[in-house]
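A.B. asks: Could you have a look at this structure, given as structure tokens, before my questions?
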Amino acid sequence: MTDDEIQLHLASRLVGWRYTDRHLEKTYATATWKSTMMVVNAIGHLCEIAWHHPELIVTYNAVRVRLNSHDVGGVTLRDIELAEKLDAFLLWQPDAAASGATAGLTGLPDNPQHRYILTDTMS
Numbered sequence: 001m002t003d004d005e006i007q008l009h010l011a012s013r014l015v016g017w018r019y020t021d022r023h024l025e026k027t028y029a030t031a032t033w034k035s036t037m038m039v040v041n042a043i044g045h046l047c048e049i050a051w052h053h054p055e056l057i058v059t060y061n062a063v064r065v066r067l068n069s070h071d072v073g074g075v076t077l078r079d080i081e082l083a084e085k086l087d088a089f090l091l092w093q094p095d096a097a098a099s100g101a102t103a104g105l106t107g108l109p110d111n112p113q114h115r116y117i118l119t120d121t122m123s
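Residue numbers (the numbering used here): 1 to 123.
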């Protein structure tokens with residue numbers, strides 16, 4: 001893909017991702033080491049199924065993902081699609097409109113001890 005094509009995908013499809021050094025890159029901020037490991041395992045699962053393996057930089061409270069297609073030395077549609085799949089999976093939240101006494105999936109309690117992925121601090 002050309003740089004212009006990549007920038008178009010970033011602007012229209014990939015919130016919080018950036019293009020740098022021939023990679024797509026995003027950092028998922030997490031609340032704790034346990035949360036970080038859960039994110040790493042989820043990424044590992046999705047990437048293995050897709051047979052497309054990113055670079056991961058793992059710290060106590062963040063996971064940085066770097067995607068590119070090694071066989072072509074740059075970003076391809078495979079990277080765009082995997083970035084979208086990672087966001088869809090990792091950032092999914094139960095439907096807030098469905099919350100209440102009859103809702104099945106209500107999400108995490110609003111309590112700091114239950115924080116997981118910090119969506120307001122991603123870059």
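Note that beta-carbon positions come from the ideal geometry of N, C-alpha and C, so glycine has one too.
Would you tell me roughly how many angstroms separate the C-alpha atoms of ARG13 and GLU81, rounded to the nearest one?
C.D. replies: Their Cα atoms are separated by approximately 9 Å.
A.B. asks: What is the C-beta distance between VAL65 and LEU56, in whole angstroms, given that I count them as a contact (C-beta under 8 Å)?
C.D. replies: Indeed they touch by this definition, with Cβ atoms about 6 Å apart.
A.B. asks: What are the boundary residues of the beta strand (DSSP E) that ALA29 is part of?
C.D. replies: Here the beta strand (DSSP E) through ALA29 covers 23–29.
A.B. asks: What residues in its chain sit with their C-beta under 8 Å from that of MET122, if we drop five residues either side in the sequence?
C.D. replies: Interpretation of MET122 is limited by its pLDDT of 49, a score under 50 that renders its predicted location unreliable; no figure is taken from the coordinates.
A.B. asks: Nearest-angstrom Cα distance between GLY73 and ASP4?
C.D. replies: One C-alpha to the other measures close to 17 Å.
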